[in-house]
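First up is the structure itself, then whatever we jot down about it.
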Amino acid sequence: MDFALNDEQQLLRDTARALVTREWSTALVRAHMGDPSVADELTKRLTDWGALAEGPLVDLCLFLEECGAGLVAGPFVPTVGLYAPLLATLGDAEGFTAVTTGGATGTVAIADRTGAWVPNDGATKFFVPEADRVDHVAVIGPGPSVTVTGPVSPRFIATVDTSRRLFEVDAPPSTASTAPAVRLDPDLLADVQARWYVAAAAELIGTARSMFEMALAYAKQREQFGRPIGSFQAIQHKLANMALANESAWSAVYYAAMAIDAADPDRHRAAHVAKAAAGTAAKLAAKDGIQIHGGIGYTWEHDLHLFIRRFESSEHLLGTTEWHEDRLADLIL
Amino acid sequence: MELGWGPDEEAFRAELAAFLDANAPPEALGHDFAQDEGDGGIPQWARDWQARLFDSGWLVPGYPPELGGRDATPAQSLIYMEELAMRGLPRALHFPGYAIVAPSLLEFGSDEQQALVPAALRGDTVWCIGMSEPGAGSDLASLSTRAVLDGDTFIVNGQKVWTSYAMWAQMCFCYVRTDPNAAKHKGISVLIIDMDTDGIDIRPLRHLSGNAEFAEVFFEDVEVPVTNVVGDVNDGWRITMGSLAHERGGLWVQGVSGLEHALGDLVKLAKATGRDTDPVVRRKLAEAYVTVHSLRALGYKGFSSFAQGSSAPEHSYLKLATSEQGKALYELGVEIAGGPAIVTDNDWAPGSGRWMRSFFTSFASTIAGGSSEIQRNIIAERILGLPRG
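Order-wise, the sequence lines are chains U and H. Residue numbers for the first sequence follow this note's numbering, so the first one is 1 and each next one is one higher. Residue numbers for the second sequence follow this note's numbering, so the first one is 1001 and each next one is one higher.
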């Protein structure tokens, strides 16, 4: 039972952190609001890391955590987090290799209008990440069945988070699809979904970490009544609770990733725990993070809201905290 | 990062499991750590069990055989905790001797004092710890029990409180003020006090759950030989709550396993009462499951840092979180039990009063051993580096 990162994993995390810091920034997140093409350069750099999709989920999570911490935009995260594991399960070796070594991008269309990421017979799929700038869209229909298409003409959904663009995609009529619908064993889809939840949770704990670090730094620097506000117990105890929630969620995410890598029987419960723990920690970091910042945190000018917006997006994609808790209740009761 | 343990650890686990299956006393299995021990003192089966563990090298596996162990590695010590916790099996019903006094004497004691260690571990000597006072709770270093040197003898005057097991103890590991003029952390010494010495008055203190397992201890002109000072005079603060160094990476296991057992019982309670179809109850049970299982993962993360020699701040988080979550779980048990939760002992009442008893007892867990507020202070100042308040 080893939670320590080995040398390669530490290097991977450090490399991801350096890459995101060098290629992306909150200034670019702001520029991306009006012009999504500002993420193209970042996406080009990130496609070199497509091979992460064929390695252990733990390694992918280390990378995605840094993407979440830096509010990475563009198709990379849905490609390696959602699309690639689905293709691998479908046995689409050609499509999968195109992602891992060829720089191809893709996304997944499954959710209905309520935001439930489970197979349904709706003719339109909602909340499809980055659907206008990927090479492929995998549409999951009832059965479950999967149809992989080329670029589609999606309809943009305006959301609170401009750093992750979401779309409506019409399920392709069976005659028009570039590839025929492939039936997928529901148990195999369940394993893919567990990966999605954990990948999303990894990204989310990165965002939570950033909000916590901003609040901690501000508490040490901001002075009121002649002393740093971080010397007041009311602030200290909030930060202690945030740190505990983040540490717990981090541990839950990597436990789940290890459980999936080992095909452990606990993996489905662990995946729900991971997404719910990450959502809970991030919500605390957002709410108390802004409280600790006081008025300045409530301004457009301050970057904190960019992270809060991303947290809300991540919380509501792939099932909210409460949705995962209810699935977990079905498994434990 | 890897799930599971290596072959050496699994072999150790198998050997331990065989020993426990053959030897664990039936009274000990399924021990409810959330319940206190009542007024009855330390039962004979518990004394026999502690001695058998010591004699078989299974009391503190990380210690050498002469100290009741088998030179186990940190990972093996963690597995030991897991196997005991899984069975709800305590090592002993009085922890101060083996968990605090023995390791402190091994680190700081004279040769003569170290000779007391085997009996403290085996449970032949019952120890209590004289720490808290009426005026020194969270601010422990402000303690005022005085010890004044007169020739070769300290004369001790003062009062301790919340002293667990004092009425059954032969010895007290007692923190006293030996220099009233020094800064508060600097004038403290540790004395070994024989509880049969004249001038000691022990008054059992009944607590909220109705039982008395701790006491007030009054010292009036109690004479203690100067050779009973542990370490140096006025250097006692360094000998703070020592715990078993080998086991520091796994001390959380009992707490987290206790939460898992309680959660399992809550699921049974929900089914038995038909509340398992109530969406509110389902949501709350799942929420608790998320927290408890995240804490187990956090414990393993802390153990990994510990095994690599890092300071593992996770343990401060775990003390805070397991005690708070325990309270929340028992509160949920009271809620699910409904109206009959207040019934203390009747077969028709769900859990026969267990949930309310455990809820009451759990109040102690967020106070004893450093309150949750003190834990948050420690996390804020020592781990997060916030300025002292």
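The beta carbon of each residue, even a glycine, is placed where N, CA and C say it ideally should be. Note that the structure is predicted; figures quoted are calculated from it, not measured.
Cβ of residue i within 8 angstroms of any chain H Cβ
i	result
U/Ala-208	no
U/Val-137	no
U/Val-58	yes
U/Ile-292	no
U/Gln-9	yes
U/Leu-28	no
U/Ile-296	no
U/Glu-315	no
U/Ala-201	no
U/Met-33	no
U/Ala-116	no
U/Ala-190	no
U/Ala-243	yes
U/Leu-239	yes
U/Ala-69	no
U/Ile-110	no
Within chain U, partners of residue i - CB distance below 8 angstroms
i	result
H/Ser-1365	None at all; the shortest Cβ gap to chain U is about 16 angstroms.
8 angstroms CB neighbourhood of residue i in its chain, flanking five on each side removed
i	result
H/Gln-1159	Glu-1133, Pro-1134, Thr-1145, Glu-1216, Val-1217, Phe-1218, Phe-1219
H/Ala-1136	Ser-1142, Leu-1143, Ser-1144
U/Asn-241	Leu-284, Asp-288
U/Asp-261	Pro-56, Leu-57, Val-58
Residue-chain proximity (residue i, chain U), Cβ-Cβ < 8 angstroms
i	result
H/Pro-1061	no
H/Gly-1250	no
H/Glu-1133	no
H/Val-1161	no
H/Leu-1053	no
H/Ile-1336	no
H/Leu-1390	Residue 1390 of chain H is absent from the structure shown; chain H starts at 1001 and stops at 1389.
H/Arg-1013	no
H/Arg-1282	yes
H/Pro-1297	One point to set straight first is that residue 1297 of chain H is Ala, not Pro, in the sequence displayed. Interface residue, yes.
Spatial neighbours of residue i in its chain, beta-carbon cut-off 7 angstroms, leaving aside the 5 residues before and after
i	result
U/Cys-145	Note that residue 145 of chain U is Ser in the sequence shown, not Cys. Closer than 7 angstroms at Cβ, skipping near neighbours: Ala-181, Val-182, Arg-183, Leu-184.
H/Met-1167	Ile-1202, Pro-1204, Ala-1215
U/His-32	Val-38, Ala-39, Ala-73, Thr-162, Ser-163
Listed by chain order, chain H residues near residue i by CB distance under 8 angstroms
i	result
U/Val-273	Tyr-1289, Val-1290, His-1293, Ser-1294
U/Glu-322	Arg-1283
U/Leu-328	Ala-1286, Tyr-1289, Val-1290
Interface partners of residue i on chain H, CB under 9 angstroms
i	result
U/Asp-14	What U/Asp-14 touches in chain H: nothing, since even the nearest Cβ is about 16 angstroms away.
U/Asp-264	Leu-1003, Gly-1004
U/His-268	Ordered by position in chain H, no residue passes the 9 angstroms Cβ test against U/His-268, which lies about 12 angstroms from the chain.
Interface residues of chain U facing residue i [CB-CB closer than 7 angstroms]
i	result
H/Trp-1005	Met-1
H/Gln-1308	Ala-4
H/Arg-1388	Ser-231
H/Ser-1304	Asp-2, Phe-3, Ala-4
H/Glu-1314	Glu-247
Partners in chain H for residue i, counting only beta-carbon separations shorter than 7 angstroms
i	result
U/Ile-157	Neighbours of U/Ile-157 on chain H: none; closest Cβ ~28 angstroms, over 7 angstroms.
U/Glu-325	Arg-1283, Ala-1286, Glu-1287, Val-1290
Proximal residues to residue i (C-beta, below 6 angstroms), its chain only, five neighbours per side dropped
i	result
U/Pro-85	Val-192, Arg-195
U/Leu-328	His-272
U/Ala-202	Cys-61, Leu-64, Glu-65, Val-253
U/Leu-333	none
H/Ala-1075	Glu-1009
Within chain U, the residues that residue i reaches when beta carbons sit closer than 9 angstroms
i	result
H/Lys-1301	Phe-3, Ala-4, Glu-247, Trp-250, Ser-251, Tyr-254, Tyr-255
Distance cut-off 7 angstroms: residue i Cβ against heavy atoms of the ligand PLP
i	result
H/Val-1290	Absence of the ligand PLP from the depicted structure is noted, as is the absence of any ligand whatsoever, leaving it without description.
* At a cut of 8 angstroms, does the stretch 1223 to 1230 of chain H reach the stretch 1079 to 1098 of chain H through at least three beta carbon pairs? -> Too few Cβ pairs lie closer than 8 angstroms, so no.
* Taking only beta carbons into account, state which residues of the stretch 204 to 235 of chain U come closer than 9 angstroms to chain H, listed in chain order. => Of all residues in the stretch 204 to 235 of chain U, only Leu-216, Ala-219, Lys-220, Arg-227, Pro-228, Gly-230, Ser-231, Phe-232, Gln-233, Ile-235 come within less than 9 angstroms of chain H when Cβ atoms are compared, listed by chain position.
* Under 7 angstroms (Cβ pairs) to chain U, residues found in the stretch 1058 to 1084 of chain H -> Under the 7 angstroms Cβ criterion, the stretch 1058 to 1084 of chain H contributes no residue.
* Using 8 angstroms as the threshold, is the stretch 308 to 318 of chain U in touch with the stretch 1261 to 1269 of chain H, meaning 3 or more CB pairs across them? -> Contact between the stretch 308 to 318 of chain U and the stretch 1261 to 1269 of chain H is absent, because fewer than three Cβ pairs lie under 8 angstroms.
* Asked: Of the residues that make up the stretch 1247 to 1278 of chain H, which ones have a beta carbon closer than 8 angstroms to any beta carbon in chain U?
  -> Against chain U - using a Cβ distance shorter than 8 angstroms - the residues of the stretch 1247 to 1278 of chain H are Val-1267, Ala-1270, Lys-1271, Asp-1276.
* Would you check if the stretch 1310 to 1327 of chain H and the stretch 283 to 292 of chain U touch, i.e. whether three or more CB-CB distances between them fall below 8 angstroms? => The stretch 283 to 292 of chain U is not in contact with the stretch 1310 to 1327 of chain H.
* Using a Cβ-Cβ cut-off of less than 8 angstroms, give me the residues of the stretch 74 to 85 of chain U that come near chain H, in sequence order. => Answer set for the stretch 74 to 85 of chain U: empty.
* Would you check if there are 3 or more beta carbon pairs closer than 8 angstroms linking the stretch 1328 to 1341 of chain H to the stretch 1351 to 1365 of chain H? => Taking 8 angstroms as the limit for Cβ pairs, the verdict is that the stretch 1351 to 1365 of chain H does touch the stretch 1328 to 1341 of chain H.
* To do: Determine contact between the stretch 253 to 269 of chain U and the stretch 290 to 308 of chain U, defined as no fewer than three beta-carbon pairs at a distance below 8 angstroms.
  => Three or more beta-carbon pairs separated by less than 8 angstroms are not found between the stretch 253 to 269 of chain U and the stretch 290 to 308 of chain U, which leaves the two stretches without contact.
* **Cβ-based contacts, 8 angstroms cut-off: residues of the stretch 1352 to 1386 of chain H near chain U** => Listed by position along the chain: Glu-1373, Gln-1375, Arg-1376, Asn-1377, Ile-1379, Ala-1380, Glu-1381, Ile-1383, Leu-1384, Gly-1385, Leu-1386.
* Asked: Between the stretch 1010 to 1030 of chain H and the stretch 1072 to 1081 of chain H, do at least 3 Cβ pairs fall closer than 8 angstroms?
  -> Output reads yes: the stretch 1072 to 1081 of chain H touches the stretch 1010 to 1030 of chain H.
* Asked: Using a beta-carbon distance cut-off of less than 7 angstroms, what residues from the stretch 42 to 55 of chain U approach chain H?
  -> Of all residues in the stretch 42 to 55 of chain U, none has a Cβ within less than 7 angstroms of some Cβ in chain H.
* Hey, is the stretch 1161 to 1175 of chain H in contact with the stretch 1120 to 1132 of chain H, meaning 3+ C-beta pairs nearer than 8 angstroms? -> Touching, per the Cβ criterion.
* Asked: In chain order, what residues of the stretch 1316 to 1348 of chain H put their CB closer than 7 angstroms to some CB of chain U?
  -> Cβ contacts with chain U: Tyr-1317, Leu-1320, Ala-1321.
* Asked: Hey, is the stretch 38 to 48 of chain U in contact with the stretch 66 to 84 of chain U, meaning 3+ C-beta pairs nearer than 8 angstroms?
  -> Touching, yes.
* Determine contact between the stretch 234 to 249 of chain U and the stretch 1282 to 1295 of chain H, defined as no fewer than three beta-carbon pairs at a distance below 8 angstroms. => Counting Cβ pairs under 8 angstroms, three or more are found: they touch.
* the stretch 109 to 123 of chain U in contact with the stretch 133 to 140 of chain U per 3-pair CB rule at 8 angstroms -> As far as the Cβ criterion goes, the stretch 109 to 123 of chain U touches the stretch 133 to 140 of chain U, which means the pair count is three or higher.
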